[in-house]
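To start, the structure under review is shown below, and the notes come after it.
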Amino acid sequence: MPCTEASCAGPTRIATSLNNVSFEAKPTDILQAYYKNISGVFGKDFPSEPPRYFDFTGNVSNIDTVTAKGTKVKMLNFGEAVEIVFQGTNLGAEMNHPMHVHGFSFYMVGTGKGNFNNKTDPKSYNLIDPPEINTVPLPKSGWVAIRFIADNPGVWFIHCHLERHSSWGMDTVLIVKNGKTKATSMRPPPAHMPSCS
1 MPCTEASCAG PTRIATSLNN VSFEAKPTDI LQAYYKNISG VFGKDFPSEP PRYFDFTGNV
61 SNIDTVTAKG TKVKMLNFGE AVEIVFQGTN LGAEMNHPMH VHGFSFYMVG TGKGNFNNKT
121 DPKSYNLIDP PEINTVPLPK SGWVAIRFIA DNPGVWFIHC HLERHSSWGM DTVLIVKNGK
181 TKATSMRPPP AHMPSCS
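At position 5 of the sequence shown the residue is numbered 5 (full-length UniProt numbering), and the sequence of numbers has no breaks.
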């Protein structure tokens, strides 16, 4: 991405992304904005798929993709079955990424090298005894698939656990909407908790 800030050492800055969106934090936190219905803090249009497909793990030296910056969240209904496939790329450098989801333990149902194929790769998923974890290793030049039930209402950060990558935008937020009962709804903040300014 072009860099106009004095903090950059060269003409560009490093950016990482999920589905080609580099997460950008706002001064007002998303949890407070969601709970208090404050508009303009985040968009509900986090893409379900990358904007374009290419050979993610091949020679990507001629790819001119520039990530969009934004504070976009993925909205989930309470009780919804969720599958996320993390796809590694060779953009910048091929690396392993420890991907972490706050608020949930999930099942790692599949992993593989190369580009994920949504027609053939799910056939090899482990649906009998997959490991239940909260951080999953995304292999370099590969993919990993996770599944969970969105049964924990609230605002949950999902990110690469390499702090540098997270600071560059390799994260987003999942918002699980309230269920139909008090027990399946987000709790209010404690009465003694001071307000954020």
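Positions of the beta carbon are idealized from the N, C-alpha and C atoms, including for glycine.
With contact counted as at least three CB pairs below 8 Å, one residue from each stretch, are the stretch 99–112 and the stretch 70–81 in contact?
-> no
At 3 residues or longer, and completely inside the UniProt domain "Plastocyanin-like" (46–179): list those beta strand (DSSP E) runs for me, N to C.
-> 68–70, 73–76, 81–87, 97–101, 106–113, 135–138, 142–149, 154–160 and 171–176
For Ile158 versus Val173, is the C-beta distance shorter than 8 Å?
-> Here residue 158 refers to the residue found at position 158 when the sequence shown is read from its first residue. Here residue 173 refers to the residue found at position 173 when the sequence shown is read from its first residue. The answer is yes: Cβ separation under 8 Å.
Return the CA-CA distance between Pro98 and His165, expressed in angstroms with no decimal places.
-> Against the sequence shown, residue 98 aligns to sequence position 98. Against the sequence shown, residue 165 aligns to sequence position 165. So the two alpha carbons sit approximately 10 Å from each other.
Should the stretch 174–184 be regarded as contacting the stretch 108–115, the criterion being three or more beta carbon pairs within less than 8 Å?
-> no
What does DSSP give as the partner residues of Phe23 in its beta bridges?
-> Residue mapping note: residue 23 aligns to position 23 of the sequence shown, counting from 1. DSSP, once it has assigned bridges, lists Gly70 as partnering Phe23.
With a 10 Å radius around its C-beta and 16 neighbouring C-beta atoms as the bar for buried, classify Val21 as buried or exposed.
-> In the sequence shown, counting from the first residue as 1, residue 21 sits at position 21. Buried, since its Cβ has 16 or more Cβ neighbours within 10 Å.
Alpha carbon to alpha carbon, how far is Ser167 from Asn134?
-> Sequence index remark: in the sequence shown, residue 167 carries index 167 (1-based). Sequence index remark: in the sequence shown, residue 134 carries index 134 (1-based). If I take the Cα positions, the gap works out to 20 Å.
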